[in-house]
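There are 2 protein chains.
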Amino acid sequence: MKFQDATTKEIDDILAEAWQAFGVYRRTGLKQRADLMRAIARGLEAAGDQLIQTAMRETNLAEARLKNERTRTMFQLTSYAEACEAGHWLEARIDTAAGGDPDIRKLQVPLGPVVVFGASNFPFAYSTAGGDTATALAAGCPVIVKGHPAHAETSHRVAAIISEAVSEAGLPKGVFSHVHGLSFETGKALVTHRYTRAVGFTGSYGGGKALFDWASQRPQPIPVFAEMGSINPVFLLPGKLKESARELAGLLAGSVTLGTGQFCTNPGLILGVEGEELDLFVRELGAAVANVNPGTMLHPGIAKAYTDKREAALSQAGVTTVAVAAASPKENQGVPTIAAAKGEAFLRNPLLHQEVFGPYSLVVRCKDMAELTSVAALLEGQLTASLMATDRDLADHPGLVEAARDICGRLILNNVPTGVRVSLAMQHGGPFPATTDSRFSSVGADGIKRWVRPVAYQNWSDGYLPDALKNSNPLHIWRMINNNFTQDSVEALEGPRLGASTAKPPNETPNSVGR
Amino acid sequence: MKFQDATTKEIDDILAEAWQAFGVYRRTGLKQRADLMRAIARGLEAAGDQLIQTAMRETNLAEARLKNERTRTMFQLTSYAEACEAGHWLEARIDTAAGGDPDIRKLQVPLGPVVVFGASNFPFAYSTAGGDTATALAAGCPVIVKGHPAHAETSHRVAAIISEAVSEAGLPKGVFSHVHGLSFETGKALVTHRYTRAVGFTGSYGGGKALFDWASQRPQPIPVFAEMGSINPVFLLPGKLKESARELAGLLAGSVTLGTGQFCTNPGLILGVEGEELDLFVRELGAAVANVNPGTMLHPGIAKAYTDKREAALSQAGVTTVAVAAASPKENQGVPTIAAAKGEAFLRNPLLHQEVFGPYSLVVRCKDMAELTSVAALLEGQLTASLMATDRDLADHPGLVEAARDICGRLILNNVPTGVRVSLAMQHGGPFPATTDSRFSSVGADGIKRWVRPVAYQNWSDGYLPDALKNSNPLHIWRMINNNFTQDSVEALEGPRLGASTAKPPNETPNSVGR
Chain V
54 MKFQDATTKE
64 IDDILAEAWQ
74 AFGVYRRTGL
84 KQRADLMRAI
94 ARGLEAAGDQ
104 LIQTAMRETN
114 LAEARLKNER
124 TRTMFQLTSY
134 AEACEAGHWL
144 EARIDTAAGG
154 DPDIRKLQVP
164 LGPVVVFGAS
174 NFPFAYSTAG
184 GDTATALAAG
194 CPVIVKGHPA
204 HAETSHRVAA
214 IISEAVSEAG
224 LPKGVFSHVH
234 GLSFETGKAL
244 VTHRYTRAVG
254 FTGSYGGGKA
264 LFDWASQRPQ
274 PIPVFAEMGS
284 INPVFLLPGK
294 LKESARELAG
304 LLAGSVTLGT
314 GQFCTNPGLI
324 LGVEGEELDL
334 FVRELGAAVA
344 NVNPGTMLHP
354 GIAKAYTDKR
364 EAALSQAGVT
374 TVAVAAASPK
384 ENQGVPTIAA
394 AKGEAFLRNP
404 LLHQEVFGPY
414 SLVVRCKDMA
424 ELTSVAALLE
434 GQLTASLMAT
444 DRDLADHPGL
454 VEAARDICGR
464 LILNNVPTGV
474 RVSLAMQHGG
484 PFPATTDSRF
494 SSVGADGIKR
504 WVRPVAYQNW
514 SDGYLPDALK
524 NSNPLHIWRM
534 INNNFTQDSV
544 EALEGPRLGA
554 STAKPPNETP
564 NSVGR
Chain S
54 MKFQDATTKE
64 IDDILAEAWQ
74 AFGVYRRTGL
84 KQRADLMRAI
94 ARGLEAAGDQ
104 LIQTAMRETN
114 LAEARLKNER
124 TRTMFQLTSY
134 AEACEAGHWL
144 EARIDTAAGG
154 DPDIRKLQVP
164 LGPVVVFGAS
174 NFPFAYSTAG
184 GDTATALAAG
194 CPVIVKGHPA
204 HAETSHRVAA
214 IISEAVSEAG
224 LPKGVFSHVH
234 GLSFETGKAL
244 VTHRYTRAVG
254 FTGSYGGGKA
264 LFDWASQRPQ
274 PIPVFAEMGS
284 INPVFLLPGK
294 LKESARELAG
304 LLAGSVTLGT
314 GQFCTNPGLI
324 LGVEGEELDL
334 FVRELGAAVA
344 NVNPGTMLHP
354 GIAKAYTDKR
364 EAALSQAGVT
374 TVAVAAASPK
384 ENQGVPTIAA
394 AKGEAFLRNP
404 LLHQEVFGPY
414 SLVVRCKDMA
424 ELTSVAALLE
434 GQLTASLMAT
444 DRDLADHPGL
454 VEAARDICGR
464 LILNNVPTGV
474 RVSLAMQHGG
484 PFPATTDSRF
494 SSVGADGIKR
504 WVRPVAYQNW
514 SDGYLPDALK
524 NSNPLHIWRM
534 INNNFTQDSV
544 EALEGPRLGA
554 STAKPPNETP
564 NSVGR
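Protein sequence lines, in the order shown, are assigned to chains V and S. Note that my numbering has the first sequence beginning at 54, numbered continuously upward. Note that my numbering has the second sequence beginning at 54, numbered continuously upward.
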């Protein structure tokens with residue numbers, strides 16, 4: 054299948070349609086949104102093998118991996134649907150009238166049309182029907198996906214499934230749109246369009262930063278959550294290394310080469326203190342990685358970028374090649390590789406801090422824990438940081454623990470960074486340049502927060518309040534009433550109310566002096 | 054007193070000190086932060102009349118108003134201190150290990166040094182010890198305040214009170230710093246400094262937008278919450294207008310002229326449908342405002358800006374002057390003024406949509422409810438929108454209610470916008486250009502969210518988790534455990550745990566396929 058780049062006129066029509074649809078979709082109940090999301094999940098399943106085959110052909114990913122990813126995508130849709138209905142994300146707060154202060158109630162409302170740019174390495178879970186789309190639909194926002202050119206047909210098919218679910222739900226078709234575009238002009242037109250209210254992106258630093266800049270420079274700036282690169286440092290602490298050098302080597306060899314290293318949580322940097330335990334670890338890691346076969350990468354562009362960046366890294370002063378996969382690579386395959394360098398060499402060479410997207414990791418041999426800690430403190434923002442440590446190690450090196458936490462969104466103990474659990478407590482994000490806003494996550498139901506804003510209702514008439522804020526709590530959600538968490542109605546806490554307070558003259562009571 | 058602009062070297066030293074102090078302050082317990090905030094509140098009280106006199110001299114605000122504002126500032130500090138200790142803002146979430154998925158726990162951590170730019174119209178409540186400073190201290194962030202040049206001495210004195218409280222708490226002095234600066238260079242140096250992690254601002258559109266642009270264009274962009282201008286539209290609905298034209302006129306005359314109109318929530322735009330009720334309202338409003346005396350404005354710059362913008366608005370085609378205060382203004386006084394225009398004239402003239410900061414309001418006479426609704430939909434982002442409406446009005450005009458909500462952060466029924474209650478349910482913010490990020494508030498304890506980011510701990514050792522995430526819940530805070538709100542310990546819900554799960558190989562279970 055061949056796809057045409059969307060024209061400016063097409064993009065304008067699509068956004069106008071999304072804007073119109075927003076007026077309808079925002080008024081849907083939580084259950085209706087959740088039902089739509091569940092219908093999309095069912096549609097993905099019903100698409101059966103044909104969808105998997107299309108994705109295999111476009112991405113070179115294995116069948117089992119793609120089936121798992123589709124299942125994950127369905128789980129995201131259904132678990133975020135549950136979260137949508139549970140309504141914690143509405144952050145309903147009620148402060149009843151008191152001492153001359155008016156009744157104030159607050160909830161989250163959707164921002165408006167969200168433009169989503171999916172990832173090449175996750176054709177299902179972080180693309181067309183992925184986490185950004187699912188959380189935006191839960192929030193009440195229409196979605197416009199720009200299909201990734203590397204899996205345009207997969208994206209096209211998934212988009213058709215979503216559009217079908219939208220149509221069967223009796224919702225306007227502008228609730229979901231899909232456009233193709235090879236040129237950066239398509240992305241720019243989407244992000245700078247006056248009806249676009251927010252942007253979600255998963256991909257490279259260059260791509261994400263360009264979207265962020267366009268969005269910030271609009272006459273009316275809009276928020277962008279771009280998840281960009283990460284090298285996911287793994288810190289080997291002395292006690293743990295002494296105990297389990299071999300086990301750690303096996304664990305990390307698996308994580309570095311999993312899926313030909315094409316994960317944003319791939320551990321691209323492993324740090325330890327020089328000594329015989331580290332030597333043993335490096336030998337074992339090298340031996341394990343040498344036994345892993347090269348894998349075909351997502352597309353020729355990614356394969357070429359891997360080859361180039363790997364070459365550049367290996368040719369830096371002070372960098373030695375520890376191990377390269379024994380088997381010869383075929384065209385567009387990534388060669389599993391382990392390199393090593395001293396702490397000093399790493400500290401003075403910014404190129405070594407950059408992501409080499411693929412089955413590559415650099416072991417940094419620090420001369421002592423002080424140098425290791427200073428390397429940790431100097432790293433840029435990361436999605437994850439992992440500590441391989443005993444409790445004794447943690448007690449002995451609090452400075453390193455703190456430095457590792459400061460640079461990341463997820464701090465892992467004795468697990469590898471690959472594998473991102475989809476649950477509320479997950480944080481998939483991190484300080485710049487891991488993402489453009491460290492305050493948000495793209496995994497877990499808290500991802501909904503990216504697409505909503507609070508609105509407070511003051512002195513409102515109960516019958517005309519949104520259901521989430523009505524006295525009787527018809528949605529049975531958790532709310533904070535006068536600073537207490539409760540599922541009770543306002544009446545249960547306060548006794549029957551006589552209706553909203555009446556208009557009062559501007560007051561000057563301490564808590565609400567005019568502003 | 055004369056103050057020198059901080060030099061680049063001084064700013065660099067101050068930020069280095071703040072960064073150092075961050076390492077200590079972030080480790081303080083919630084009670085210690087709350088105690089610091091309460092000590093600052095006591096210090097403001099102990100400063101007695103001398104502080105009020107200084108502020109009166111610098112701002113021309115009346116004694117009673119400044120005393121009320123100080124009380125409000127103390128209330129902010131003590132109520133945000135309570136919120137700090139209650140810990141809801143930590144958003145602690147725990148998902149215990151299940152089906153091969155690892156234990157994940159998340160909480161909010163402070164971003165780092167926050168630079169605060171206070172407002173000229175609130176020398177206490179939105180300046181040096183104001184809401185931005187209080188919420189940042191609650192979050193665990195050091196604060197650097199740039200004192201407002203219009204009340205430099207007041208700011209200097211308040212800063213001394215804060216520094217004294219920091220010192221008495223045994224905390225490093227870098228927890229709070231204060232700099233002076235007349236030139237925009239000072240602000241730019243603060244916002245672009247590598248150790249600055251976030252910015253809070255209350256003031257003009259020009260000032261806030263410049264900070265936002267500098268922050269977005271840094272090599273490492275940082276979040277800016279800038280509260281800028283707002284004209285706070287008030288919509289008079291037909292039923293309510295028929296019932297209470299006189300009462301509404303009195304209410305709005307008070308709100309427009311309160312504090313010589315120097316509030317960011319001042320109702321600068323009043324909209325109704327042509328007819329005898331609106332004529333009556335306008336006559337009564339005009340008569341009431343004509344009786345209000347001109348007041349001395351905050352400083353000559355603000356008085357001149359008011360005079361100029363008022364003149365410009367009154368000279369636009371189709372704008373008539375309804376009423377001007379009968380008494381003649383003295384130097385630097387703002388003259389209470391009501392103007393009027395037809396909906397058509399308003400729609401085609403963007404100048405009339407701009408804020409005229411002072412005791413001024415424009416009544417827009419729309420030809421029907423359709424025109425009124427289309428005006429509402431075309432307005433820029435606002436802090437507030439007010440509806441003066443009966444329940445019947447709300448039922449008859451859902452489109453207007455929705456349009457009004459879409460443009461604002463706070464939707465008010467039958468109250469005037471001046472008067473901002475300090476409570477959790479308050480939203481003081483709104484779509485651009487009311488603020489630079491509609492997803493946050495500068496009033497209420499949710500203001501803390503501006504200065505924090507989530508960090509997830511995966512597979513962590515209980516003894517080394519932050520207290521907020523430990524199994525036993527030693528802080529007794531509300532947490533979400535496996536998607537349920539609870540104050541219980543993890544053991545109470547799950548039975549005794551045998552310690553963290555051990556390291557597992559990278560898994561491919563549906564919920565955590567490698568990323």
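Idealized CB from N, CA, C, for every residue including glycine.
In or out: residue i buried (at least 16 other Cβ within 10 Å) or exposed?
i	result
N350 (chain V)	Sequence check: residue 350 (chain V) is Met here, not Asn. Buried, because 16 or more other Cβ atoms sit within 10 Å of the Cβ of M350 (chain V).
K502 (chain V)	buried
N285 (chain S)	buried
D102 (chain S)	exposed
Q435 (chain S)	buried
D499 (chain S)	buried
G152 (chain S)	exposed
G462 (chain S)	buried
Give the secondary structure of residue i by DSSP, where H, G and I count as helix, E and B as strand, and everything else as coil.
i	result
R445 (chain V)	helix
L431 (chain V)	helix
I391 (chain V)	strand
N560 (chain V)	Its pLDDT being 41, under 50, N560 (chain V) is placed unreliably by the model, and the measurement read from it follows with that caveat. In the structure shown, N560 (chain V) sits in coil (DSSP, three-state: anything other than H, G, I, E or B).
C419 (chain V)	strand
L324 (chain V)	strand
P225 (chain S)	coil
G497 (chain S)	coil
H231 (chain S)	strand
I215 (chain S)	helix
F288 (chain S)	strand
I147 (chain V)	strand
F334 (chain S)	helix
S439 (chain V)	strand
At which residues does the beta strand (DSSP E) containing residue i begin and terminate?
i	result
N537 (chain V)	537–539
E63 (chain V)	No beta strand (DSSP E) holds E63 (chain V); the alpha helix (DSSP H) holding it covers 61–78.
E280 (chain S)	277–280
K383 (chain S)	Looking at the DSSP string, K383 (chain S) is not in any beta strand (DSSP E), and its letter there is neither H nor E.
M350 (chain V)	That residue, M350 (chain V), is in no beta strand (DSSP E); it is neither H nor E in DSSP.
R532 (chain V)	532–534
Can you name the start and end residues of the alpha helix (DSSP H) that residue i belongs to?
i	result
F410 (chain S)	Counting along the chain, F410 (chain S) falls outside any alpha helix (DSSP H), and DSSP gives it neither H nor E.
T360 (chain S)	353–367
R458 (chain S)	451–459
Y258 (chain S)	258–269
L160 (chain V)	Looking at the DSSP string, L160 (chain V) is not in any alpha helix (DSSP H); the run it does join, the beta strand (DSSP E), is 157–163.
K120 (chain V)	116–139
Using a Cβ-Cβ cutoff of less than 7 Å, which residues in the same chain neighbour residue i once the five nearest sequence positions on both sides are dropped?
i	result
L143 (chain S)	L160, Q161, A521, I530
Q73 (chain S)	P225, G227
E408 (chain V)	G282, S283, I284, G321
L367 (chain V)	T374, A392
Going along the chain, which residues of its own chain have a beta-carbon closer than 6 Å to the beta-carbon of residue i, five neighbours each way excluded?
i	result
M54 (chain V)	E206
S525 (chain V)	S542
K557 (chain V)	Legend: pLDDT at K557 (chain V) = 40, less than 50; position of this residue unreliable, value from coordinates given subsequently. Once the five neighbours on either side are set aside, K557 (chain V) has no close Cβ partner at all.
L333 (chain V)	A298
Quick one: what's got a C-beta closer than 8 Å to residue i's C-beta in the same chain, skipping five residues either side?
i	result
L404 (chain V)	A365, A366, Q369
E70 (chain S)	P225, K226, G227, S230
Please check the pair residue i and residue j, which I expect to be a contact at CB under 8 Å, by giving their CB distance rounded to whole angstroms.
i	j	result
P342 (chain V)	A306 (chain V)	Sequence check: residue 342 (chain V) is Val here, not Pro. Contact holds; Cβ gap of about 5 Å.
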